[in-house]
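Line by line, the protein sequences are chains G and S. Mapping to our numbering: the first sequence position 103 is 548, numbers consecutive. Mapping to our numbering: the second sequence position 587 is 1032, numbers consecutive. Accompanying notes for the structure given below.
2 protein chains.
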Amino acid sequence: MAGGYMGRVLRVDLSRKKVEEQKFNEETCRKFIGGSGLGAKILYDETNADTDPFSPENPLIFMAGPTANTQVPTSGRHAVVSRSPLTGIFGESDAGGTWGAKLKQAGLDGLIITGKAHSPTYLWVQDGKVEFRDASHLWGKDTYEIDPILKGETHKNATVAAIGPAGEKLVLLSGIVHDGSDARIAGRCGLGAVMGSKKLKAIVVQGSAKAPVAHPDDLAASVKELMPTILESSKTFGQLGTSGGVITHETMGNFPLQNWRLGRWEEGVKKISGPAMAESILVKRYACRQCPIACGREVKVDKGPYAGVDGAGPEYETMGTLGGMCLVDNLEAVAMANEICNRYGLDTISAGCVIAFAMECYENGLLTKKDTDGIDLTWGNHQALVEMVKKMGKKEGIGELLGKGVRRASQEIGGIAPEFALHVKGLELPAHDPRSYFGAALAFATSARGACHLSAWTMGFERGLTMPEVGADGRVTRWEVNGKAEFVAKCQYMMGMYDAMKYCKFIAFGGMKLSHCLKWFNQVTGWDMDLAEFFKTGERLLNLKRMINVGWGVSRKDDTLPPRSMTHKRTGPGLTDAEQHLPPLGRLLSDYYEYSGWNEWGIPRPEKLRELGL
Amino acid sequence: MAGGYMGRVLRVDLSRKKVEEQKFNEETCRKFIGGSGLGAKILYDETNADTDPFSPENPLIFMAGPTANTQVPTSGRHAVVSRSPLTGIFGESDAGGTWGAKLKQAGLDGLIITGKAHSPTYLWVQDGKVEFRDASHLWGKDTYEIDPILKGETHKNATVAAIGPAGEKLVLLSGIVHDGSDARIAGRCGLGAVMGSKKLKAIVVQGSAKAPVAHPDDLAASVKELMPTILESSKTFGQLGTSGGVITHETMGNFPLQNWRLGRWEEGVKKISGPAMAESILVKRYACRQCPIACGREVKVDKGPYAGVDGAGPEYETMGTLGGMCLVDNLEAVAMANEICNRYGLDTISAGCVIAFAMECYENGLLTKKDTDGIDLTWGNHQALVEMVKKMGKKEGIGELLGKGVRRASQEIGGIAPEFALHVKGLELPAHDPRSYFGAALAFATSARGACHLSAWTMGFERGLTMPEVGADGRVTRWEVNGKAEFVAKCQYMMGMYDAMKYCKFIAFGGMKLSHCLKWFNQVTGWDMDLAEFFKTGERLLNLKRMINVGWGVSRKDDTLPPRSMTHKRTGPGLTDAEQHLPPLGRLLSDYYEYSGWNEWGIPRPEKLRELGL
């Protein structure tokens, strides 16, 4: 194979303690790229309608991207793919940090984990070799605690992907945490619980291989030339981190408040915004491997009730869900809840959403103090927030119910509770409002993993960022319906490719166009992918994921939004009528299916699949 | 009590063979009127969350209207109310004919049937007395057969309400048939199965009481004065019957075709239209009691494969469902399928819909000849149509599955089948397209009994009929969104009142305004109800039915439309882009809840209930 992309994957069978190499040829790699693209291909081949998410047969797939461990800016991410136990459908989740690059340094592009260990185990992956090691002494420990222990037992420069106690206990909201207290978590879709079902506590990776690059000089020159632009364009974003967007999004009616009910919360968001964090608990910034933007926040709380917080700070999504959704404006409490999520291995998005859901149940008498072990689960109660996160992490008391996510919890509670449960296909909504961006509305309704802000990531382009290849010319407006479906589909193709190449989507904040990203990709792989092939490949990946989901029963009926997102305007002061819109999802979906070559039930037509080589 | 309205209802306990009188005082009557209004009040009082539709405790309520058996034009209808076994929620269905007026002649406004007979029973109600009679010899016989038998055993002028074999066998699509072969069926919501669960074959009614009228001279004068207008205005409608509308509705894209998929079917509908029937199998017209319009069709087929048809002919809805939905353009076959429905006691709307659903399953390989007992269930196969109706009536072979309605059948078939199942809250869509009339879209989504064309009946007003009191000034357009919710709500209040007063909605085709209907109502009752009270009462009834449904788990999540109605444009030739619209249900519902004083979950606010005296 040309260039740096080897398509080298190890298949690790925990039941039999066997490791086999599986090579993917160039044709397959070029068709499915890597990351969640090649991951989806593997999942499609290795599962069927009956594969239980917690069965040994369900593969847990870790995939880096073709440009991992090269100079390519923001290319340090990796994907985790499996059948989700939370949603029952295609699950993908990705993380930044250093783990993906380290995997490539160990000479590998991916790991396919199958089977189930007899007792708690961790994998020690060094320079392409895999060792099965006992993890009994780590079982029950949190992800921050075990990071130094594992480094001590392996290599001081190793990188750890691990589950916390939540994953061990199969909590459906649990994720996979990387890099210890500089946490980067593959949070969504409950894939930490899949890892827990395999009794796999951690995967520790170390290596010394250099990344092979087809055209190293061209790549170096290009990166050098563009670096000043990246640094300049991403300056503010890097300085304030993702939560720098909190105030802007709140002003636009995009920030989630009180389980998506409240209109504005100006005084509240000021206290949990990026600037507020920068002025108080921020200690330093940190970056994922090969990222010049450095949006990571390290925070520390020295005193007060939340003293002890020390590590990764809350992101925008976390501020939205643990903060805005629950109306908690106590930054230190949000930081503590965030840290508990990281330590126990919980997705902060789903965790915040399910707590807000529970608060609305409590408000309406569907949950009482008898259910909450005496906790007063009122809006804005920051102690309650922290307690709830703990209970979910420990699967204790009401935490057991809430850790199942809003869909299942609402069904178990019954009555009107399903009306408070905002999710798509079982995945809780992230911190962007489908009523605020019709592109997001359509994307949430159609994304493979359920309500996902990343698989189309239209919001930036719907408010001024340009990317001419998807039609984002700075004039795409939030509430326009005409042409929106085509725009969303193209964004999905592009972002699906970024998820396969493992670029960070924030590279757009660094002023980098699609053409830059594609050029670097070709310089690494030695390929000559043009824009047409790029988009066709993106469309292939989207259709592949769709076909996986179709096999698990997904059709048009599931491409929807929660009633609240379609029917209910926000209440309270602040948003004017002109700022209050409700997405006409029927029209958007109709246009989308037509553009996609899907039939009316949302299933790709045979001719479309043939066209895409599926 | 003033005037003619006695509020006199008999409570009939089939288990204990007991009859008690229950009087409703004037205040209650004025608050809930009669028909399905007072019926809803009784249902609300006598059921709870756990009342099984087939339990002896579920009351089956027959209610005439306050003007029954008077001179008031079109006032001969009656309502049947119960918890629906098909939908699990509020069930109401009404019928024309002579039974309601006869009940009033027997001195009664209604019957509340509870309990369960030990063996097949019929009730013989004469002049206010009820006799429990053995119906063993009638069990298994169809409704046309038993009509003369029962008259022979009781009184030659008696009127029969009966179930056919479908109701006996608890087929969920079964209705209650009145007047033998001049059939008028309370078809919707499966209330025939409730009657079957009580082992009640028929209720035969006869009486000699005159209808008391508060101001008989005024009433006589008014009716005399207006009769020429009614006759003139309803001339064409009366001549062609309800199926006179088939061609117009098809042209407008309102007529259901091929399970709501096909755009146009000009050649097909010509063969099953009102004029086609008038020129071929029509024998004579017939009218409900006190109706000058006479939209009923008596048809007869003498030869050919469908020889033997002799009685009530297919209505517009039946042409739409047994005809257009299944693409069957053989009028005699539709007439035969219609007659089988009447004889076995099946709702033609739901029956046609579930056969079309099955045809789509067959087209897509979800049902095969193995499932259909060898029947080739292809679109347009008129023999298959007739066979399917028989099988449902007999609960035989695949008829057992289909007789459960599209919601349950699609769940049992699984796979993609739910995408073919068009219903709201479990009730199959009638023959009007929510994409063609946005008023119908909102009405279908919010009607108490599920997808209902009668509870708002906006379509006439959305294409030119005027009724200034609901804002219908001839300029209400089908696809306008602004103001549509208020218009629909007002139509629902008005039509809910017609359902309580038991006017026929076709009185509007007779040129009669709301003011006429209200005047007659006051002349009979002696009340002084003004328009404000009329609409407030209509709103009360709507909210009462909503509260009944809320108790059975209905909320916003259920106020929706099938995906196909919201997302999918019709295909094939015919309809231009300008004629293809998709209802923006989110916006419509949001406006509707706001206008209604309901909260975002679609539940009436406490202050609204207080305002309405509920």
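The C-beta atom is built at its ideal place from N, Cα and C for all residues, glycine as well.
How would you list, in chain order, the residues of chain G whose beta-carbon sits under 7 angstroms from the beta-carbon of residue i?
i, result
"S:Ser1035", "Thr1012, His1013, Lys1014, Leu1027"
For residue i, return the contacting residues in chain S, with the cut-off set at a CB-CB distance below 9 angstroms.
i, result
"G:Arg522", "Ordered by position in chain S, no residue passes the 9 angstroms Cβ test against G:Arg522, which lies about 34 angstroms from the chain."
"G:Pro1008", "Ser1000, Arg1001, Lys1002, Asp1004, Thr1005, Gly1031, Leu1034, Glu1045, Trp1046, Gly1047"
Which first and last residues belong to the beta strand (DSSP E) in which residue i is found?
i, result
"G:Ala757", "755-757"
"G:Lys849", "Segment: none, G:Lys849 is in no beta strand (DSSP E) and carries neither H nor E."
"S:Val525", "523-528"
"G:Gln550", "First-last for G:Gln550: 544-550, but that is the alpha helix (DSSP H), not the beta strand (DSSP E)."
"G:Glu465", "463-468"
"G:His623", "621-623"
"G:Arg991", "Unbroken run through G:Arg991 is the alpha helix (DSSP H), 976-996; no beta strand (DSSP E)."
"G:Ala606", "604-607"
"S:Asp1003", "Per DSSP, S:Asp1003 belongs to no beta strand (DSSP E) and is neither H nor E."
Could you give the first and the last residue of the continuous alpha helix (DSSP H) run that contains residue i?
i, result
"S:Met833", "827-839"
"G:Asp1036", "1030-1041"
"S:Gln968", "959-970"
"G:Tyr943", "929-946"
"G:Ala890", "883-891"
"S:Val1069", "Shown here, chain S extends from 446 to 1059; a query on residue 1069 of chain S therefore has no answer."
"S:Val454", "Element bounds for S:Val454: not the alpha helix (DSSP H) but the beta strand (DSSP E), 453-458."
"G:Tyr489", "480-491"
"G:Met1103", "Shown here, chain G extends from 446 to 1059; a query on residue 1103 of chain G therefore has no answer."
"G:Ile692", "691-696"
"S:Arg475", "471-477"
"G:Glu598", "588-598"
Below 7 angstroms CB to CB, which residues in the same chain sit around residue i once its five sequence neighbours on both sides are set aside?
i, result
"S:Lys950", "Leu899, Trp902, Met940, Tyr943"
"S:His877", "Asn699, Ala885, His898, Met904"
"G:Ala723", "Leu685"
"S:Phe1063", "Residue 1063 of chain S cannot be examined here, being either before or after the span of chain S that is shown, 446 to 1059."
"S:Gly573", "Ala551, Gly552, Leu553"
"G:Gly909", "Gly919"
"G:Met1011", "Leu1027, Pro1028, Leu1030"
If you drop the 5 nearest sequence neighbours on each side, which residues of the same chain put their C-beta closer than 6 angstroms to that of residue i?
i, result
"S:Cys733", "Gly521, Gly541, Gly542"
"S:Phe980", "Tyr938"
"S:Gly797", "Thr766, Leu767, Met770"
"G:Pro875", "Glu762, Ile794, His898"
"S:Val714", "Val691, Ile692, Glu695"
"S:Met446", "Low per-residue confidence applies at S:Met446: pLDDT is 45, beneath 50, and the placement is therefore not dependable, though the value from the model is reported in the following sentence. These residues qualify, in order along the chain: Glu471."
"S:Leu583", "Ile591, Lys646"
Using beta carbons (cut-off 7 angstroms, strictly below), is residue i in contact with chain A?
i, result
"S:Thr903", "The displayed structure is made up of protein chains G and S, and chain A is not among them."
message: Quick check for students: name the residue ranges of the alpha helix (DSSP H) that lie wholly in the stretch 625-689 of chain G, counting only runs of 4 or more.
response: 636-642, 661-678, 680-685
query: Which residues, taken in chain order from the stretch 706-720 of chain S, show a beta carbon closer than 7 angstroms to some beta carbon of chain G?
result: Look at the stretch 706-720 of chain S: it has no residue with a C-beta under 7 angstroms from a C-beta of chain G.
query: When Cβ atoms are compared, which residues of the stretch 837-867 of chain G fall closer than 9 angstroms to chain S?
result: Gly859, Gly860, Ile861, Pro863, Glu864, Phe865
field: Whole runs of the alpha helix (DSSP H) within the stretch 730-818 of chain S, excluding any shorter than 4 residues
entry: Fully contained in the stretch 730-818 of chain S are the following alpha helix (DSSP H) runs of length 4 or more, in chain order: 776-789, 793-808.
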